[in-house]
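What follows is a set of notes on a single structure, which appears directly below.
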Amino acid sequence: MDESRFEELEGKIGYSFKDKELLRKALTHKSFSFEKDREENYEVLEFLGDAVIGLIVSEKLIKRFPTKSEGELSQIRAYLVSEPSLSELAKTVDLGNYIYLGKGEHLSGGRKKSSILCDVFESLFGAIYLDSDFETAREVFKRNFLNKMWKILERAVTYKDFKSLLQEVTQKEFKVVPNYTVIKSEGPEHEKVFTVECRVRDLKTVSTGRSKKSAEQQAAKEMLKVLGVIDENK
């Protein structure tokens, strides 16, 4: 990638790196470094960037939701820093176009893989932090991604896909997925009502619906309320 491509990405995020090699490292996938017989790739910067983004998001959540508990804030943060959320933010600046990939990874669609986009998004912020300071990294995030992040959270609730939202939260925070069980179905075939139980560790919610799917969605919604991810009145 030539210097003009670096400048293009820097222009999109509104930050110019003093150390261009740090930016190059942040964009280098291990498949590329392996093919070129180089040791450096973005993995260490990804580790650092994960912490940087986590702190930025934590600060913003405390300000946006001042009455929520530590546990509730943790659940919301888990969703916002999950792979689907961060990869979506990465796509808003076409981050995939700037990644150094090995030929095999490139041919297999690596530039569009959520896992890689998420990793590089984190490594980018790790690099910004090392190239400048935390305040600068926070400002870059705020200027480019904060409003988009809130829209991701609002959309997850608005679209009523509570099962997907719950799974992202529980996988990130607890390393488990929700379990749904139909505990009862009653009524004639054309008017059946299903009762579904949702379990996350030792937590349980029970809801009903005219189909298994709707009952599961409602049970997931109630679990999200228990976890404090969405408000009780929604």
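Okay, so the sequence shown: first residue is 177 according to this note's numbering, each after it adds one.
In this text, a Cβ means the ideal position worked out from N, Cα and C, and glycines have one as well.
Is it buried or exposed, residue i, if we count other Cβ atoms within 10 angstroms and call 16 or more buried?
| i | result |
| --- | --- |
| Asn217 | buried |
| Asp226 | buried |
| Phe297 | buried |
| Arg314 | buried |
| Val352 | exposed |
| Ile275 | buried |
| Ser258 | buried |
| Gly286 | buried |
| Glu311 | exposed |
| Phe338 | buried |
| Lys212 | exposed |
| Phe223 | exposed |
| Glu179 | exposed |
| Ser299 | buried |
| Thr346 | buried |
| Glu344 | buried |
| Thr204 | buried |
Is it the case that the Cβ atoms of residue i and residue j are separated by a distance below 9 Å?
| i | j | result |
| --- | --- | --- |
| Asp307 | Glu219 | no |
| Glu293 | Leu262 | Looking at the sequence provided, one finds Leu at residue 293 rather than Glu. Yes, the Cβ-Cβ distance between Leu293 and Leu262 is below 9 Å. |
| Leu403 | Gln251 | yes |
| Val405 | Tyr255 | yes |
| Phe182 | Phe193 | yes |
| Gly302 | Ala202 | yes |
| Val316 | Gly230 | no |
| Ile238 | Lys318 | no |
| Arg253 | Ser284 | no |
| Val382 | Ala396 | no |
| Asn320 | Lys401 | no |
Closest to residue i by CA distance: which of the options is it?
| i | options | result |
| --- | --- | --- |
| Arg214 | Asp378, Lys351, Lys401 and Arg200 | Arg200 |
| Glu197 | Lys267, Lys188, Lys239 and Ile304 | Ile304 |
| Arg240 | Val358, Asn323 and Phe338 | Asn323 |
| Met399 | Asn355, Lys360 and Glu186 | Asn355 |
| Val358 | Gly385, Phe210, Ser180 and Lys348 | Gly385 |
| Lys348 | Thr204, Pro260 and Lys206 | Pro260 |
| Glu184 | Lys289, Asp270 and Asp195 | Asp270 |
| Gly247 | Phe350, Asp309 and Glu186 | Phe350 |
| Asp309 | Lys244, Leu249, Val228 and Lys360 | Val228 |
- prompt: Below 8 Å, can you find three or more Cβ-Cβ pairs linking the segment 363 to 371 to the segment 280 to 296?
  reply: no
message: Using a Cβ distance threshold of 8 Å, determine whether the segment 383 to 394 contacts the segment 311 to 330, with at least three qualifying pairs required.
response: no
- request: Check whether the segment 353 to 365 touches the segment 262 to 271, taking contact to mean three or more Cβ pairs, one atom from each stretch, closer than 8 Å.
  value: no
query: Which parts of the segment 245 to 331 are runs of the alpha helix (DSSP H), unbroken and 4 residues or longer, counting only runs that do not cross its ends?
result: 246 to 256, 259 to 267, 279 to 283 and 290 to 307
Inside the segment 192 to 228 only - alpha helix (DSSP H) runs reaching at least 4 residues: 196 to 202 and 206 to 211
query: If you scan the segment 337 to 408 from start to end, which runs of the alpha helix (DSSP H) of 4 or more residues do you find wholly inside it?
result: 338 to 350 and 388 to 403
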